[in-house]
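As structure tokens, the structure follows; a few thoughts come after it.
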Amino acid sequence: MNAETSLDFDYKTFLAGLTQKPGIYQMYDNAEQVLYVGKAKNLKKRVSSYFRASGLTTKTMALVSKIAHIDVMVTNSEAEALILEQNLIKQFKPPYNILLRDDKSYPYIYLSSQDTFPRLTFHRGKKSLPGNYFGPFPSSGAVRESLNLLQKVFKVRQCEDSFFKNRSRPCLQYQINRCKAPCVGLVSEEEYQQDVAHSQLFLAGKNQQLIAMLVEEMEAASQQLHFEQAAQLRDQIQYLQQVQAHQAVSGESGDVDVIGYASNGELGCLVVMFVRGGRVLGQRSFFHSLGAEQSQLEQISAFLSQFYLSVSQVDYPKEVVLPTALPDSQCLSDAINQQAEHRVLFKHQVRGERRQWLQLAEKNATQQLASRLADKQQVADRLNLLQQGLGIDTISRIECFDISHSSGEATVASCVVFGLQGAITSDYRRYNIKQAVAGDDYGAMAEVLQRRYQKALVDTEAVLPDLVLIDGGKGQLAKAQEVFTELQLSHIKLVGVAKGVTRKPGLETLWLLDEQGQFSEIQLKEPGVLLLIQQVRDEAHRFAITGHRQRRSKARQRSQLEDIPGIGAKRRQQLLKFFGGISGVKQASVQELSKVPGVSLKLAEVIYNTLHPE
1 MNAETSLDFD
11 YKTFLAGLTQ
21 KPGIYQMYDN
31 AEQVLYVGKA
41 KNLKKRVSSY
51 FRASGLTTKT
61 MALVSKIAHI
71 DVMVTNSEAE
81 ALILEQNLIK
91 QFKPPYNILL
101 RDDKSYPYIY
111 LSSQDTFPRL
121 TFHRGKKSLP
131 GNYFGPFPSS
141 GAVRESLNLL
151 QKVFKVRQCE
161 DSFFKNRSRP
171 CLQYQINRCK
181 APCVGLVSEE
191 EYQQDVAHSQ
201 LFLAGKNQQL
211 IAMLVEEMEA
221 ASQQLHFEQA
231 AQLRDQIQYL
241 QQVQAHQAVS
251 GESGDVDVIG
261 YASNGELGCL
271 VVMFVRGGRV
281 LGQRSFFHSL
291 GAEQSQLEQI
301 SAFLSQFYLS
311 VSQVDYPKEV
321 VLPTALPDSQ
331 CLSDAINQQA
341 EHRVLFKHQV
351 RGERRQWLQL
361 AEKNATQQLA
371 SRLADKQQVA
381 DRLNLLQQGL
391 GIDTISRIEC
401 FDISHSSGEA
411 TVASCVVFGL
421 QGAITSDYRR
431 YNIKQAVAGD
441 DYGAMAEVLQ
451 RRYQKALVDT
461 EAVLPDLVLI
471 DGGKGQLAKA
481 QEVFTELQLS
491 HIKLVGVAKG
501 VTRKPGLETL
511 WLLDEQGQFS
521 EIQLKEPGVL
531 LLIQQVRDEA
541 HRFAITGHRQ
551 RRSKARQRSQ
561 LEDIPGIGAK
571 RRQQLLKFFG
581 GISGVKQASV
591 QELSKVPGVS
601 LKLAEVIYNT
611 LHPE
């Protein structure tokens, strides 16, 4: 289909008056939703490329066919356009842009400086406290691993200040030789500060310098006949040598992000490896689909733009090592330098240890992509076997439902979705059950199915599943069949997944219900198929119980006074303060309630009647 014949948008008139200056463009659909945000060195040239007669990808043609109008904003430079583009992508999350799903800030190790006995701890977020921050680390697990090692080797405290200041005797960490108990004065300030200095050297990646210092201190202690101290230093040296031996790549210096990239033409994998102080701290992997009228190099540029300008990346490295030269690396560098406190250099022709880091990152990107494709193929194979076992023409989408509650309290239903690539988490949904009687699993299942598929039938763009799994036995399956019959969705296959007699994973019973109301048990012999069903069912259970616990916790933390008309935060606080808590409010009479400032006799009656419905 030619883009020119699929548009109501008069692009020729629009392009005729479009400027050739740098800036950003936003493409909107008929519902005024942003479809795509892009930046350009030459707006007219870039936007015109979407409306050429041939050579467009399928994804780009789909984008162009939905355009109702385009807004542009001129900037002073391409670098300014890049920063504005990333801000708008983060704000609107357009469906045709590359989106990084993980927008959390990276974790650090924080060393306080305002304390006589500083503490080491995990930190994520703004660096507002005085002290030193080491990182970023690729994950919280990497931080915990480093903190655990530091606790073994240097024994610097990691406890909260409130815990530290109220100790009268050493805690368990001292007893297991993980802390020197500065809280009760069992270590001198001088010795403790030396341990802190050693920890800083380690976190800064200066292992060789640290080991040399410890060797000198060990020899000095030995000469002074302080053999116990010398033995402790010897153990520290051995620990550090073991760490260095297990370090894949180490060097004398360098704060570098190393970018590895691999693709198969449809799916791309980009690995960011963090090197701080010449030491590899770990890596993060990101996957994205190729398309939207961009080459692979442009896709990498788009990813890096979002990674450094849109995601919460606050600690910029001094260098970024790239697998290849990028067409707009100078523009990207200029944009990042406007936000960073120092200049960030982009390099792609590197030697020595940086070359080794790049090779390692590329090797990991290739491995991660292969693993993702293997998982995708494995899921596709299992879905193929499942559709054969159930006698369905095709299965490209599975939805599974589960109900979770505690004796009828805070009932929550979950719907999880799996496709050819595995779990589709963006389509997961939770439903707070409102109409069904508390504890009625059948009624709750009917309610969630009604709400889910009534909405899907109205929404013309909604995708219906080929298979629906119901976590439950014959009763839940029968109730689900009633709902599907009422909604005229009998073409969707329904399968009940009931726990076996022993309720052990892998021993579930699968049920079908035919049009005559007869139940039949399904026998699937392929273990891979059973594992897929178990995986989907377990994910639905996990998602439901998490939602239930959140709802139950919120309900229990909510004050009964919040539901009373006329009782705001101030009056609620006065009531609780006057009577010493909610139990005191409940025991108070109408006359006693009316004595609270701001509570009239009429309002006191409303409060009393609400708290005593009988």
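Numbering (our numbering), first residue to last: 1 to 614.
Ideal Cβ positions, reconstructed from N, Cα and C, are used throughout, including at glycine.
Which of helix, strand or coil DSSP assigns to residue i
i           : result
residue 260 : strand
residue 529 : helix
residue 606 : helix
residue 127 : coil
residue 19  : coil
residue 40  : strand
residue 571 : helix
residue 549 : helix
residue 192 : helix
residue 288 : strand
residue 577 : helix
residue 416 : strand
residue 564 : coil
Backbone CA spacing between residue i and residue j [nearest angstrom]
i           : j           : result
residue 280 : residue 359 : 13 Å
residue 590 : residue 580 : 17 Å
residue 65  : residue 38  : 17 Å
residue 412 : residue 522 : 28 Å
residue 110 : residue 228 : 30 Å
residue 58  : residue 107 : 39 Å
residue 10  : residue 282 : 50 Å
residue 82  : residue 544 : 41 Å
residue 93  : residue 601 : 53 Å
residue 592 : residue 607 : 11 Å
residue 403 : residue 434 : 13 Å
residue 512 : residue 421 : 26 Å
residue 117 : residue 161 : 10 Å
residue 594 : residue 603 : 8 Å
residue 461 : residue 62  : 14 Å
residue 524 : residue 530 : 7 Å
residue 319 : residue 372 : 29 Å
residue 154 : residue 132 : 17 Å
residue 51  : residue 145 : 53 Å
residue 140 : residue 217 : 33 Å
residue 356 : residue 257 : 13 Å
residue 299 : residue 28  : 22 Å
8 Å contact criterion, which residue i and residue j should meet: CB distance rounded
i           : j           : result
residue 113 : residue 130 : 5 Å
residue 396 : residue 466 : 6 Å
residue 445 : residue 418 : Not confirmed; about 19 Å, so no contact.
residue 53  : residue 46  : About 17 Å; that fails the 8 Å criterion.
residue 193 : residue 285 : Wrong, their Cβ atoms sit about 40 Å apart, outside the cutoff.
Start and end residues, alpha helix (DSSP H) containing residue i
i           : result
residue 381 : 352-390
residue 148 : 140-153
residue 58  : 58-65
residue 50  : From DSSP, residue 50 is part of no alpha helix (DSSP H); its letter is neither H nor E.
residue 329 : 329-339
residue 309 : 296-309
residue 451 : 441-458
residue 110 : Taken as a continuous stretch (DSSP letters only), residue 110 belongs to no alpha helix (DSSP H), being part of the beta strand (DSSP E) at 108-112.
Start and end residues, beta strand (DSSP E) containing residue i
i           : result
residue 184 : Segment: none, residue 184 is in no beta strand (DSSP E) and carries neither H nor E.
residue 131 : 131-134
residue 26  : 23-28
residue 319 : 319-321
residue 87  : Run containing residue 87: none in the beta strand (DSSP E); it sits in the alpha helix (DSSP H), 78-92.
residue 347 : 345-347
CB contact check: residue i to chain C, cutoff 8 Å
i          : result
residue 30 : Of the protein chains in this structure there is only one, and it is not chain C.
Answer yes if the stretch 375-394 comes into contact with the stretch 268-288, meaning at least three C-beta pairs across the two stretches below 8 Å, and no otherwise.
Here the stretch 268-288 does not lie against the stretch 375-394, with fewer than 3 beta-carbon pairs under 8 Å apart.
Under 8 Å: do the stretch 336-347 and the stretch 478-496 share three or more Cβ pairs, one atom per stretch?
No, because fewer than three Cβ pairs between the stretch 336-347 and the stretch 478-496 fall closer than 8 Å, the two stretches do not touch.
Determine contact between the stretch 566-577 and the stretch 533-548, defined as no fewer than three beta-carbon pairs at a distance below 8 Å.
The stretch 566-577 vs the stretch 533-548: no contact.
Do the stretch 159-167 and the stretch 197-217 meet, that is, are 3 or more Cβ pairs less than 8 Å apart?
Cβ pair count under 8 Å is below three, so no.
How do the stretch 73-92 and the stretch 18-36 stand: do at least 3 beta-carbon pairs fall below 8 Å, yes or no?
The stretch 73-92 vs the stretch 18-36: in contact.
Hey, is the stretch 213-226 in contact with the stretch 178-188, meaning 3+ C-beta pairs nearer than 8 Å?
No, because fewer than three Cβ pairs between the stretch 213-226 and the stretch 178-188 fall closer than 8 Å, the two stretches do not touch.
Does the pairing of the stretch 70-80 with the stretch 320-337 give three or more beta-carbon distances under 8 Å?
The stretch 70-80, when compared against the stretch 320-337, does touch it at the 8 Å Cβ threshold.
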